[in-house]
Structure formats: C-alpha cells, structure tokens
Amino acid sequence: MKKIYACLIGNWVCLNDDPSCTMGIHNTSPDLWYEENAPIFSPFRRDAEHTFYQMDYVYIHYKGKDYRINPIFLQIVEQ
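Structure follows, in structure tokens:
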C-alpha cells in the first residue's frame with residue numbers, strides 16, 4: 001500500500017486519510033493519481049520570467065479546501 005503525504009500550510013498530512021481528497025486536474029483519488037503517472041503542472045517553456053504562476057504545482061482538494069502546492073512538498077511512502 002502507498003501513502004501519499006503532503007505538506008499543507010506547514011503540516012504534513014496523509015492525503016489517503018481523507019476519503020474525499022482528490023488530486024490533479026482530473027480530480028482523482030491520491031492512489032489513482034499516483035498510479036496514473038502522478039501528473040503535475042510543469043510547463044516545458046515558461047512564458048514569463050520571475051512569476052509565481054509558471055512554477056510547477058499539483059492541485060489538491062483536501063478536507064474541503066483547495067491547495068496548489070509545489071511537488072517538492074509531496075512524499076510517497078510504501079508500506
């Protein structure tokens with residue numbers, strides 16, 4: 001079993017613990033998101049320099065709130 005952890009507002013949480021958690025632009029469960037190649041937004045060519053909007057990120061819906069985080073704040077743990 002794989003557990004997917006994310007650092008959301010400074011706290012590490014297990015996304016698998018929230019049955020309504022979804023990830024990515026297709027709003028899939030954390031398990032399915034990981035199994036389907038773990039897509040992230042990562043533009044090959046940046047249209048503008050020095051902007052927050054062109055950084056790599058993953059959408060996460062967790063416990064009723066929406067987050068957009070950099071993938072470095074994700075950890076996958078296999079048990």
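Residue numbers (the UniProt record's numbering): 1 to 79.
For every residue, glycine included, the Cβ atom is placed at its ideal position computed from N, Cα and C.
Bear in mind the structure is a predicted one, so any value in this text is a computation, not a measurement.
Between Y62 and D18, the CB-CB gap stays under 7 Å. Residue pairing of W33 in beta bridges, as defined by DSSP: absent, with no partner found. Residues I4, L15, N16, C21, M23 of the same chain have their beta carbon placed closer than 7 Å to that of P30, with the five preceding and five following residues left out of the count.
Between I69 and V58, the beta carbon gap of about 6 Å places them in contact (Cβ cut-off 8 Å).
Judged by DSSP in its simplified three-state form, D17 adopts helix. In this structure, I40 lies near P71, with their beta-carbon atoms less than 7 Å apart.
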